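J.: Could you have a look at this structure, given as structure tokens, before my questions?
Residue numbers (this note's numbering): 24 to 296.
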């Protein structure tokens with residue numbers, strides 16, 4: 024089993040590869056955020072005694088190898104709590120034909136097709152759920168597909184294939200419907216937007232196309248009872264977080280800065296008092 028430090032090293036290497044391949048092909052602010060992620064130092068200082076610790080900046084970009092695992096973990100916590108309260112979870116996979124080009128419009132059209140499908144009579148009994156998009160490219164074009172967790176008593180896979188195909192302008196489309204009561208769905212629903220290992224191996228132009236296409240696009244959404252559920256379980260989600268840290272002096276208030284010299288000056292001033 025890999026240690027946390029080795030996993031972090033692997034993520035950093037993947038990030039560096041993506042940065043080098045896309046330099047000059049994506050917005051410079053995105054490049055800067057990726058370069059600083061896991062490297063730029065953030066200093067946390069106690070507001071009372073001045074002790075400080077060093078942390079590292081996180082860009083929180085959904086495709087960043089350093090950050091996407093944390094995003095997935097937060098989603099898993101929410102979905103896991105909701106799934107405990109429903110009796111008929113169904114894991115649904117909706118696919119689309121591979122395409123040679125991938126743009127923001129590709130994503131928008133796919134999302135619009137899902138929204139139209141949700142309004143059909145076939146999904147009338149769905150009380151709530153979530154939808155997560157994933158993108159792959161294994162050399163045969165771009166493959167965009169969706170993983171959904173739906174609370175619904177019954178869903179006919181054959182009828183769904185025809186209904187989904189109609190939304191995609193096809194006679195039928197490949198879909199999967201699986202009973203999710205064995206709880207094996209979480210790994211699929213909280214997948215990364217794209218696997219970092221695969222993304223780092225793409226051609227620079229393909230990585231740039233992907234990054235530019237997903238900019239300002241939501242790849243995860245909740246609806247119905249799950250959407251309303253988020254506000255109800257805030258306390259439970261909060262309880263799953265680590266306990267608030269306290270300084271050795273007993274103070275629990277901290278400030279964060281990027282300039283170490285200012286913190287050092289404050290510490291010297293307090294020690295001299």
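Note that beta-carbon positions come from the ideal geometry of N, C-alpha and C, so glycine has one too. Since this is a predicted model, take the numbers as computed values, not measurements.
Taking only runs of the alpha helix (DSSP H) that begin and end inside the stretch 133-163, which ones reach a length of at least 4 residues, in chain order?
T.: Correct list: empty.
J.: Among 158, 119 and 174, which residue has its Cα nearest to the Cα of residue 152?
T.: Numbered from 1 along the chain shown, position 129 holds the residue referred to as residue 152. Looking at the Cα atoms, 174 is the closest of the given residues.
J.: Residue 137 to residue 87, Cα distance in whole Å?
T.: For this step, residue 137 is matched to residue 114 along the chain shown. For this step, residue 87 is matched to residue 64 along the chain shown. Answer to the nearest angstrom: the Cα atoms are 26 Å apart.
J.: Are there 16 or more other CB atoms within 10 angstroms of the CB of residue 70, so buried, or fewer, so exposed?
T.: As a position in the chain shown, residue 70 is number 47, starting the count at 1. Its Cβ having fewer than 16 others within 10 Å, residue 70 is exposed.
J.: Answer yes or no: do residue 145 and residue 186 have a C-beta to C-beta separation smaller than 9 Å?
T.: Position 122 of the chain shown, counting from 1, holds the residue named residue 145. Position 163 of the chain shown, counting from 1, holds the residue named residue 186. A contact, by the Cβ cut-off of 9 Å.
J.: Can you tell me whether DSSP reads residue 178 as helix, strand or coil?
T.: Counting from one through the chain shown, the residue named residue 178 turns up at place 155. Reduced to three states, the DSSP call for residue 178 is coil.
J.: Could you tell me how far apart the beta carbons of residue 65 and residue 281 are, in whole angstroms, since I believe they sit closer than 8 Å?
T.: Counted from its first residue, the chain shown places residue 65 at position 42. Counted from its first residue, the chain shown places residue 281 at position 258. 6 Å between Cβ atoms; contact.
J.: Per DSSP, what kind of secondary structure is residue 49 in: helix, strand or coil?
T.: Within the chain shown, the letter at position 26 stands for residue 49. Correct three-state label for residue 49: coil.
J.: In its own chain, which residues sit with a C-beta less than 7 Å from the C-beta of residue 109, not counting the 5 before and 5 after it?
T.: Start at 1 with the first residue of the chain shown, and residue 109 comes out as number 86. If we look at residue 109 and ignore the five residues flanking it on each side, its Cβ neighbours are 174.
J.: Quick check on residue 30: does DSSP put it in helix, strand or coil?
T.: Counting from one through the chain shown, the residue named residue 30 turns up at place 7. Reduced to three states, the DSSP call for residue 30 is helix.
J.: Along the chain, where does the alpha helix (DSSP H) containing residue 237 start, and where does it finish?
T.: Along the chain shown, one-based indexing puts residue 237 at 214. That run of the alpha helix (DSSP H) goes 227-237.
J.: Taking the CB atoms as reference points, tell me whether residue 215 and residue 30 lie closer together than 9 Å.
T.: As a working note, residue 215 is residue 192 in the chain shown. As a working note, residue 30 is residue 7 in the chain shown. No, the pair does not count as a contact, with Cβ atoms beyond the cut-off.
J.: On the three-state DSSP scale, how would you describe residue 223?
T.: Along the chain shown, one-based indexing puts residue 223 at 200. In this structure, residue 223 counts as coil in the three-state DSSP scheme.
J.: To the nearest angstrom, report how far apart residue 10 and residue 159 are at their CA atoms.
T.: Residue 10 cannot be examined here, being either before or after the span of the chain that is shown, 24 to 296.
J.: Since residue 2 and residue 89 should fall inside the 8 Å C-beta cutoff, what is the C-beta to C-beta distance between them, to a whole number of angstroms?
T.: For the chain, the structure presents residues 24 to 296; residue 2 sits outside this window and is missing.
J.: Apart from the five residues just before and just after residue 256, which ones in its own chain have a Cβ nearer than 7 Å to its Cβ?
T.: In the chain shown, residue 256 corresponds to position 233, counting from 1. 104, listed in sequence order.
J.: Mind reading off the beta-carbon distance from residue 117 to residue 169? Whole number of angstroms is fine, and I expect it under 8 Å.
T.: Taking the first residue of the chain shown as 1, we reach residue 117 at position 94. Taking the first residue of the chain shown as 1, we reach residue 169 at position 146. Indeed they touch by this definition, with Cβ atoms about 5 Å apart.
J.: Rounded to whole angstroms, what's the CA-CA distance from residue 115 to residue 57? Just pull it up for me.
T.: Your numbering for residue 115 matches position 92 in the chain shown. Your numbering for residue 57 matches position 34 in the chain shown. Cα-Cα distance, rounded: 33 Å.
J.: Kindly give me the distance between the Cβ atoms of residue 178 and residue 113, rounded to whole angstroms, as I take these residues to be in contact under 8 Å.
T.: The residue labelled residue 178 in the question sits at position 155 within the chain shown. The residue labelled residue 113 in the question sits at position 90 within the chain shown. About 5 Å separates the two Cβ atoms, so the contact holds.
J.: Quick check: the Cα distance between residue 67 and residue 224, rounded to an integer number of angstroms?
T.: Taking the chain shown and counting its residues from 1, the one referred to as residue 67 is at position 44. Taking the chain shown and counting its residues from 1, the one referred to as residue 224 is at position 201. Between residue 67 and residue 224, the C-alpha separation is close to 36 Å.
J.: Return the CA-CA distance between residue 231 and residue 237, expressed in angstroms with no decimal places.
T.: Taking the first residue of the chain shown as 1, we reach residue 231 at position 208. Taking the first residue of the chain shown as 1, we reach residue 237 at position 214. Rounded to whole angstroms, residue 231 to residue 237 spans 10 Å at the Cα level.
J.: Where do the ends of the alpha helix (DSSP H) carrying residue 80 lie?
T.: Working through the chain shown from its first residue, we reach residue 80 at position 57. That residue, residue 80, is in no alpha helix (DSSP H); it is neither H nor E in DSSP.
J.: How long is the line joining the alpha carbons of residue 163 and residue 268, rounded to whole angstroms?
T.: Residue 163 sits at position 140 when you count from the first residue of the chain shown. Residue 268 sits at position 245 when you count from the first residue of the chain shown. Near 49 Å, if we compare the C-alpha coordinates of residue 268 and residue 163.
J.: In angstroms, rounded to a whole number, what distance separates the CA positions of residue 142 and residue 83?
T.: Sequence index remark: in the chain shown, residue 142 carries index 119 (1-based). Sequence index remark: in the chain shown, residue 83 carries index 60 (1-based). So the alpha carbons of these two residues sit roughly 33 Å apart.
J.: What residue range does the beta strand (DSSP E) around residue 247 cover?
T.: On the chain shown, residue 247 is found 224 positions in, with the first residue counted as 1. It spans 243-247 - the beta strand (DSSP E) in which residue 247 sits, taken as one unbroken run.
J.: Decide if residue 135 is buried, meaning its Cβ has at least 16 other Cβ atoms within 10 Å, or exposed.
T.: Looking up residue 135 in the chain shown gives position 112. Label assigned to residue 135: exposed.
J.: Between which residues of its own chain and residue 248 is the CB-CB distance below 7 Å, once the five residues before and five after are set aside?
T.: Residue numbering aside, residue 248 sits at position 225 when the chain shown is read from its first letter. Closer than 7 Å at the Cβ level, and outside the excluded window around residue 248, lie 150, 151 and 174.
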